[in-house]
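Participant: The listed protein sequences correspond, in order, to chains A and B.
Each residue of the first sequence is one higher than the one before, starting from 1 at the first, in the numbering used here.
Each residue of the second sequence is one higher than the one before, starting from 1001 at the first, in the numbering used here.
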Amino acid sequence: MRKIKRPLVTVLIVIICFLLESTVFQSLSFASITPNLLIVVTASFGFMRGKREGMLVGFLSGLIIDVFFGDLIGFYALIYMVLGYVNGFFKRIFYPDDIKLPLILISASDFVLGNAVFVFLFMMRSKFDYWYYLGHIIIPELIYTVLVTLVLYQIILHINQALEAEEKRSASKFV
Amino acid sequence: MRKNNQTTFSSKYWLLILAIVCVILMGLSFVTDGVNGPLRAIANYTIVPMQKGINTIGMWMNDLTQNFETLQEVRAENKELQEKVDELTVQNNLLQQEKYELERLRELYALDQTYSDYKKVGAHVTANDSGNWFSSFVIDKGKKDGIAEDMNVMAGAGLVGIVTEVGPNWSRVRSIIDDTSKVSAMLLSTSDNCIIAGDLALMQDGKIRFEQLPNNDTVIEVGEQVVTSHISSKYLPGILIGYVSEIEVDSNNLTRSGYITPAVDFQHLQEVLVITSTKAEMLAE
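1. Since A/Glu21 meets chain B, which of its residues come closer than 7 Å, beta carbon to beta carbon?
2. Taking 6 Å as the cut-off, is the CB of B/Leu1095 close to at least one heavy atom of the ligand SAM?
3. Taking 7 Å as the threshold (C-beta atoms), are A/Glu21 and A/Leu37 in contact?
4. When you compare only the Cα positions, how much space is there between A/Arg169 and A/Ile159?
5. To the nearest angstrom, how far is the alpha carbon of B/Glu1271 from that of A/Lys100?
6. Take A/Gly62 as the anchor and find which of A/Phe75, A/Asp71, A/Ile143 and A/Leu142 has the nearest alpha-carbon.
7. Report yes if the C-beta distance between A/Ser107 and A/Ala43 is below 7 Å; otherwise report no.
8. By the criterion of Cβ-Cβ separation under 9 Å, what are the contact partners of A/Ala162 in chain B?
9. Quick one: Cα of B/Cys1194 to Cα of A/Phe69, how far?
10. Is any beta-carbon of chain A found at less than 7 Å from that of B/Leu1111?
11. Between the stretch 75 to 89 of chain A and chain B, which residues of the former have a C-beta closer than 8 Å to a C-beta of the latter?
12. Compare the C-beta of A/Glu141 with all C-beta atoms of chain B and state if any pair is closer than 7 Å.
13. Does chain A have any CB closer than 7 Å to the CB of B/Leu1064?
14. Out of B/Gly1131, B/Val1125 and B/Arg1104, which one is the CA nearest neighbour of A/Ala116?
15. Residues of the stretch 43 to 54 of chain A with a CB closer than 7 Å to any CB of chain B: list them in chain order, please.
16. Please name the residue in A/Ile143, A/Glu164 and A/Ile73 whose C-alpha comes closest to that of B/Val1021.
17. Kindly say whether A/Tyr132, judged by its beta-carbon, lies nearer than 7 Å to any beta-carbon of chain B.
18. Mind checking if A/Leu12 is an interface residue toward chain B, Cβ cutoff 7 Å exclusive?
19. Cα-Cα, which of A/Pro96, A/Leu60, A/Phe18 and A/Ala77 is closest to A/Gln154?
20. Determine, using beta-carbon pairs with one atom in the stretch 1056 to 1065 of chain B and one in the stretch 1177 to 1192 of chain B, whether at least three such pairs fall under 8 Å.
21. Which residues share a DSSP beta bridge with B/Asn1253?
22. What do you reckon, are the CB atoms on B/Thr1255 and B/Asn1216 nearer than 7 Å?
23. Measuring CA to CA, which of B/Gln1212, B/Val1085, B/Ile1231 and B/Met1151 is closest to B/Asn1253?
24. Would a check of beta-carbon distances place B/Val1183 closer than 7 Å to chain A?
25. Quick one: does A/Val224 have its CB under 7 Å from some CB of chain B?
26. Expressed to the nearest angstrom, what Euclidean distance is found between the alpha-carbon atoms of B/Met1026 and B/Ala1019?
27. Give the straight-line distance between the Cα atoms of B/Gly1053 and B/Val1274, rounded to the nearest whole angstrom.
28. Write down every uninterrupted run of the alpha helix (DSSP H) in the stretch 19 to 99 of chain A whose length is 4 residues or greater and which is fully enclosed by it, in chain order.
29. So what does DSSP say about B/Thr1114, is it helix, strand or coil?
30. With DSSP as the reference, identify every bridge partner of A/Cys17, one or two as the case may be.
31. Anything in chain A within Cβ reach of B/Ile1017, meaning under 8 Å, just list it in chain order.
32. Which partner residues does B/Met1186 have in the DSSP bridge list?
33. So what does B/Ile1260 bridge to, in DSSP terms?
34. Do B/Leu1240 and B/Gly1158 have their C-beta atoms closer together than 7 Å?
35. Any contact between the stretch 1150 to 1170 of chain B and the stretch 1261 to 1269 of chain B? By contact I mean 3 or more CB pairs, one from each, below 8 Å.
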């Protein structure tokens, strides 16, 4: 029971964020830009829980996007997975009270994701107008995502802390 | 310390293994449809019902806010609509008469195809593309409702897009304003063919670009109707796409290009109609 609870909650967070992103946030979009909730989840799990969990959460998030909106299964899964893994390197300098590091990491992840999508899905089709896409898609999405992060990150942090506290309690019981 | 080393190693290997899995999946989904099928089926029983649920709640709330419209407003609207009904009844009678005439003349000409009566199935939009780069959406009808790939999708009177992926109870529609979408079209008045190409840069302005319209002597004015062409391999002919809003001669002097205003409001799509016959079927007949 104890072992299954964390994966279950994690998968649930990913699914809920995908649902919100594809339904509710579509009607809350500013200038047809919607925030990227799944990158917030992926990056958060990366620097909160380490490389392996960031990687798995990223893989799952990307796979859901691939199944619904991707042309190739595995493309977004790969990008999100690598982003989750790289975020895992920052676990050792992560402190729950500090909001600066999460904000920087999440915006950096979103920026890298935007650029990767541009390079692989737009530049490859000979659409080279990088500055337009930067100014109209990548940066607005980043700003909106950062705004949403301020709320969503707190929720994820609290869930994670509650889970960690529970794990510690049940671990100390056996000692 | 040693334990720590082990975990970093194993997560490195995990990354490598999963990355290879991703690449293999990409390759497979590029070649066959075998990977997508099971994944779509899983999605069908997990995520799609939840999307439908959220959508139902959204519509219920929408209805609720509409309930608060005051009686006076509704009365005024009713009066207006009544006048409109009268007006339309007269118009309809005229049209009916003309329709009989048209049918008679058609029989004389033995035109066996009228493009107005494609069979359609209604569907709700349950989710939109989560990213900001492309424009596609999910509808709540799938293989079980007779939807197949390459079926054309309309909303109101205009073309919305084409079905690109089908799950058991859901399917994905790529709209014509998507950056990767290209539709073979023609101008209704002159029957000149052109290509309607979706562009991300124009998506926010609610415009679509058309190109490769031959620069012949025909005069094309702003406001002319653009419909799907007869030569398209995937789009049924004669579906309205939009109206010409700007037109200019290209620098090569051989072709013309410009912008059209689509007949559909892509920002507020809620219900769409899927035409259940495809062009391939039509050509096979």
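Cβ atoms here follow ideal geometry from the backbone N, Cα and C, with glycine treated the same way.
Facilitator: The relevant details are as follows:
1. By 1-based counting over the first sequence, the position of residue 21 of chain A is 21. Neighbours of A/Glu21 on chain B, chain order: Ser1130.
2. For the structure depicted, the ligand SAM is absent and the ligand set is empty, with no information on it obtainable.
3. Locating residue 37 of chain A in the first sequence gives position 37, counting from the first residue. Locating residue 21 of chain A in the first sequence gives position 21, counting from the first residue. The answer is yes: Cβ separation under 7 Å.
4. Along the first sequence, one-based indexing puts residue 169 of chain A at 169. Along the first sequence, one-based indexing puts residue 159 of chain A at 159. Going from the Cα of A/Arg169 to the Cα of A/Ile159 covers about 15 Å.
5. Numbered from its first residue, the second sequence carries residue 1271 of chain B at position 271. Numbered from its first residue, the first sequence carries residue 100 of chain A at position 100. Cα to Cα, B/Glu1271 sits roughly 43 Å from A/Lys100.
6. Within the first sequence, numbered from 1, the residue matching residue 62 of chain A stands at position 62. Ranking the options by Cα distance to A/Gly62, first place goes to A/Phe75.
7. Position 107 of the first sequence, counting from 1, holds the residue named residue 107 of chain A. Position 43 of the first sequence, counting from 1, holds the residue named residue 43 of chain A. Not in contact: A/Ser107 and A/Ala43 (Cβ atoms no closer than 7 Å).
8. Start at 1 with the first residue of the first sequence, and residue 162 of chain A comes out as number 162. Simply none; closest approach about 23 Å.
9. The residue you call residue 1194 of chain B lines up with position 194 of the second sequence. The residue you call residue 69 of chain A lines up with position 69 of the first sequence. Taking the straight line from one Cα to the other gives about 28 Å.
10. As a working mapping, residue 1111 of chain B is identified with position 111 in the second sequence. Caution is warranted here: a pLDDT of 48 is assigned to B/Leu1111, below 50, making its placement in the model unreliable, and no coordinate value can be reported.
11. Phe75, Ala77, Leu78, Met81, Val82, Tyr85 and Gly88
12. For the purposes of this step, residue 141 of chain A is taken as residue 141 along the first sequence, with counting starting at 1. Yes, its Cβ sits closer than 7 Å to a Cβ of chain B.
13. Counting from one through the second sequence, the residue named residue 1064 of chain B turns up at place 64. No, B/Leu1064 lies away from the interface with chain A (no Cβ there is under 7 Å from its Cβ).
14. Your numbering for residue 116 of chain A matches position 116 in the first sequence. Among B/Gly1131, B/Val1125 and B/Arg1104, the Cα nearest to that of A/Ala116 belongs to B/Gly1131.
15. Lys51 and Arg52
16. In the second sequence, residue 1021 of chain B corresponds to position 21, counting from 1. With distances taken between Cα atoms, B/Val1021 lies closest to A/Ile73.
17. Here residue 132 of chain A refers to the residue found at position 132 of the first sequence. With 7 Å as the cut-off, A/Tyr132 counts as an interface residue toward chain B.
18. Within the first sequence, residue 12 of chain A is the residue found at index 12, counting from 1. So, not an interface residue.
19. Here residue 154 of chain A refers to the residue found at position 154 when the first sequence is read from its first residue. Per the Cα distances, A/Pro96.
20. no
21. Locating residue 1253 of chain B in the second sequence gives position 253, where the first residue counts as 1. None; B/Asn1253 has no bridge partner.
22. Counted from its first residue, the second sequence places residue 1255 of chain B at position 255. Counted from its first residue, the second sequence places residue 1216 of chain B at position 216. No.
23. Locating residue 1253 of chain B in the second sequence gives position 253, counting from the first residue. With distances taken between Cα atoms, B/Asn1253 lies closest to B/Gln1212.
24. As a position in the second sequence, residue 1183 of chain B is number 183, starting the count at 1. Not one chain A Cβ lies under 7 Å of B/Val1183.
25. Nothing can be reported for residue 224 of chain A: it is not among the residues displayed for chain A, which extend from 1 to 175.
26. Walking along the second sequence from the start, residue 1026 of chain B turns up at place 26. Walking along the second sequence from the start, residue 1019 of chain B turns up at place 19. Roughly 11 Å between the two C-alpha positions.
27. Residue 1053 of chain B sits at position 53 when you count from the first residue of the second sequence. Residue 1274 of chain B sits at position 274 when you count from the first residue of the second sequence. In a straight line, the C-alpha of B/Gly1053 is about 21 Å away from that of B/Val1274.
28. 24 to 27, 37 to 49, 51 to 69 and 75 to 88
29. For this step, residue 1114 of chain B is matched to residue 114 along the second sequence. Since pLDDT at B/Thr1114 reaches only 48, below the 50 mark, its modelled position is unreliable, and the value read off the structure follows with that caveat. Three-state DSSP puts B/Thr1114 in coil, outside helix and strand.
30. Translated into positions along the first sequence, residue 17 of chain A becomes position 17. A/Cys17 is not bridged to any residue.
31. If you number the second sequence from 1, residue 1017 of chain B lands on position 17. Within 8 Å Cβ-Cβ: nothing; B/Ile1017 doesn't reach chain A, min ~10 Å.
32. As a first step, residue 1186 of chain B must be located in the second sequence, where it is residue number 186. The partner list for B/Met1186 (beta bridge, DSSP) reads B/Asn1193 and B/Val1227.
33. The residue labelled residue 1260 of chain B in the question sits at position 260 within the second sequence. DSSP lists B/Ile1208 and B/Val1244 as partners of B/Ile1260.
34. Within the second sequence, the letter at position 240 stands for residue 1240 of chain B. Within the second sequence, the letter at position 158 stands for residue 1158 of chain B. Against a cut-off of 7 Å, the Cβ pair of B/Gly1158 and B/Leu1240 comes out as a contact.
35. yes
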